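These protein sequence lines map, in sequence, to chains A and B.
Numbering-wise, the first sequence is residues 10 to 317 according to the working numbering.
Numbering-wise, the second sequence is residues 2 to 259 according to the working numbering.
Below you'll find the structure, written out as structure tokens, and then a few comments.
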Amino acid sequence: MIDVTRPGKHVLTLRSPVMLAAGVAGFGNHYHDLLKLNKFGALVTNPVTLHEWSPTRGTRVVPLESGVLVHTGFPNGGAAAVIKEFRTIWQNAPLPIVLHVIATKPDHMRALGEMIDAEDGLSAVELGLRDDISAETASDFVSALERSTDKPVLVRLPLFDAYEIAQACADSGAGALVVAGPPRGTARDPHSGRLVSGRVYSPLIHPMALRMVGVLRRRVDLEVPIIGAGGIHSLQQARDFIDAGAAAVQVDSLTWIQPSMAERIARDLSGNLTTRMIDALPDEWHPDMGDTEFRTLFSDDEPAQGMR
Amino acid sequence: MKDTRARIERIDLLNERFISLELALEDPSLKMIKPGQSLLARLGDRSEEFPSWALYTREQWWPVGVTDRDVLRVELPRRNVYEVGQVVQLLGPVGQPFRFRPRLHRVVLIAYNTAPTPLSVMTPLLVSNKVNVTLLLMGEARSYNTRHLPPEVEIIKANDRLEWPDMVRTMPEADQVFAIVGRDDELGRFKELYQLMLAHRSEIPENYAFGVFQSTLLCGVGSCDACTLHTRSGIKRICTDGPMFDLTAVRLGPQLHS
């Protein structure tokens, strides 16, 4: 079991350090037939606001070279409606559920915190901060939410402002910092010819998010767990975040594109795959390698006919 | 819903812009896919450990039938290079089957500024059930080569003003109309077609005019909220509730429904 939030009255403890990121797996009502959800540490829900938000009109998806830009408008029926609709699913979920809330107004954060506090199906709350937010404003949001709920508060930082606001969020009571949310970009929709702004998902996000995790982890004054997120598309990329000091990771768009790989990463980092053989060097071994394959490649014995 | 693989067994050139692929499925249950349902596909590789992400989002492939060798056939634009033996990852079936009225006699299929592939999927089923099928090609869809469609299908090509001979009878005589439009402005194009239908009928009843939406699908399971649609009964998702929606229920614009 892994504690991914600061020690305190309520700690978010996970079986696996691999979480499903906000916005990729709905509210726990999807992916049951494609993924073994109990192999993941937690599921962060799609974003929720206090009041209803409608979906955006027009282009929602712009395919990019090695990635995708998504602009949904974060549609949701409002916290009360969402909680009412999914409460039973969360109570019976095979993994902890973390409700992702969008930072809109501090007052809204207080109201949301009180609603979340009453829900035993929710294990924690994740606060999503917008790009270009000041440290002071971020601090207001985190404090408002943290004071209104006893549940652990994860704060998802915008990638390019993470360094500036991390300390303020930690000082305001963040239980853990998620580094980072998908950065925003603008791209031309090939069908309509219009420019569309939205969240960018790509394996190319990984090196930037990884660097930010490393930079923040080396700051000795930042005594808060970090959860690495952004661009994970392979087992190694997930391990890179852990090696950089992250307590856990969040897998995002890989879940849409190759759900089986998302589950493999969860199984691997939970220790459910074969552990490394005692005489295998790291560059000779991969997590799925069975004994036969290893011996075939590296044994000094004469290989059996047809094996090489 | 399955996340599975298939191997390309055969590639046929349908016309200058479209090909058909025959897919040997790893999971044979996908052969039961129904007209209206689709597959999300991307080229795979042997290892899956380090796949190429050059084509990041999956393409939406529309099955058009099963061959006599129990192989699924799909039709798609010639956007990428495919080779026999290539492995593709498939997610599906995505969406709901088309819904037809009982006692159906005449159906009009409209393709406007896009290929009619998702609609032509239903033509063998309709023709075998003795339903009269008219395929109306408008705008850029007029260049679509229809030689591979069943000969029983009546093909009409509208002129640049979206008119065609005998148009006063085409819409009123149809029991159901299914339309598909270009992806540059789906709601706007459907609104144009809706108004065109209104010009030839006193009213558009429910369960008469259907739009088949082709938004780019990301997850295919309803979780990513990237294919939502405003309808009179609330927010719907094209990947799980669609792709076919009654146009009288879709909020096409302020003048029509809202």
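For glycine and all other residues, C-beta sits at the position ideal for the given N, C-alpha and C.
All values derive from a computational prediction rather than experimental measurement.
Proximity test, Cβ basis, 8 Å: residue i and chain A
| i | result |
| --- | --- |
| residue 57(B) | yes |
| residue 307(B) | A query on residue 307(B) cannot be resolved here, the shown segment of chain B reaching from 2 to 259 and no further. |
| residue 250(B) | no |
| residue 222(B) | yes |
| residue 242(B) | no |
| residue 184(B) | yes |
| residue 44(B) | no |
| residue 229(B) | yes |
| residue 2(B) | yes |
| residue 8(B) | no |
| residue 259(B) | For residue 259(B), the pLDDT reaches just 33, beneath the cut-off of 50, and the residue's location in the model is therefore unreliable, although a value from the coordinates is still provided. With 8 Å as the cut-off, residue 259(B) does not count as an interface residue toward chain A. |
DSSP bridge partner residues for residue i (one or two, in chain order)
| i | result |
| --- | --- |
| residue 56(A) | In the DSSP output, where bridge partners are listed per residue, residue 56(A) has none listed. |
| residue 93(A) | For residue 93(A), which the question treats as bridged, DSSP gives no partner whatsoever. |
| residue 33(A) | According to DSSP, which records beta bridges pairwise, residue 33(A) is partnered with nothing at all. |
| residue 68(A) | Bridge partners of residue 68(A): none, in fact. |
| residue 232(B) | 235(B) and 251(B) |
| residue 167(A) | 190(A) |
| residue 13(B) | 21(B) |
| residue 74(A) | 56(B) |
| residue 23(A) | 11(A) |
| residue 51(A) | 28(A) |
| residue 210(B) | 178(B) |
| residue 66(B) | 74(B) |
| residue 43(B) | 90(B) |
| residue 205(A) | 196(A) |
| residue 8(B) | 25(B) and 88(B) |
| residue 245(B) | 213(B) |
Chain B within 8 Å of residue i, Cβ atoms only
| i | result |
| --- | --- |
| residue 186(A) | no |
| residue 266(A) | yes |
| residue 271(A) | no |
| residue 69(A) | yes |
| residue 164(A) | no |
| residue 79(A) | yes |
| residue 201(A) | yes |
| residue 75(A) | yes |
| residue 192(A) | no |
| residue 72(A) | yes |
| residue 64(A) | yes |
Reduced DSSP category for residue i - H, G, I as helix; E, B as strand; rest coil
| i | result |
| --- | --- |
| residue 5(A) | Outside the shown range of chain A (10 to 317) lies residue 5(A), about which nothing can therefore be said. |
| residue 75(B) | strand |
| residue 11(A) | strand |
| residue 3(B) | strand |
| residue 240(B) | helix |
| residue 217(B) | coil |
| residue 276(A) | helix |
| residue 179(B) | strand |
| residue 61(B) | strand |
| residue 156(A) | helix |
| residue 189(B) | helix |
| residue 30(B) | helix |
| residue 194(B) | helix |
| residue 185(A) | strand |
| residue 43(A) | coil |
| residue 17(A) | coil |
*Jot down the residue ranges of each uninterrupted alpha helix (DSSP H) in the region 82 to 170 of chain B, minimum 4 residues, whole runs only, in chain order.*
118 to 121 and 124 to 129
*Run through the region 95 to 148 of chain A for me and flag every whole beta strand (DSSP E) of 3 or more residues, listed as ranges in chain order.*
106 to 111 and 133 to 137
_Contact set between the region 81 to 95 of chain A and chain B, restricted to residues whose Cβ is under 9 Å from the partner_ = 81, 82, 83, 84, 85 and 86
*Listed from N- to C-terminal order along the chain, which residues in the region 21 to 35 of chain A have their beta-carbon within a distance smaller than 8 Å of any beta-carbon of chain B?*
32, 33, 34 and 35
_Contact residues within the region 37 to 55 of chain A, judged by C-beta distance below 7 Å to chain B_ = 39, 40, 42, 43 and 55
*Along the region 17 to 30 of chain B, what residues have a CB closer than 7 Å to any CB found in chain A?*
none
_Give me the subset of the region 196 to 227 of chain B whose CB atoms are less than 9 Å from a CB atom of chain A, sorted by chain position._
216, 217, 218, 219, 220, 221, 222, 223, 224, 225, 226 and 227
*Uninterrupted alpha helix (DSSP H) stretches inside the region 208 to 274 of chain A (no shorter than 4 residues)*: 214 to 227, 244 to 252 and 263 to 266
*Note down, in chain order, all residues in the region 217 to 239 of chain A with a beta-carbon under 7 Å from any beta-carbon belonging to chain B.*
none
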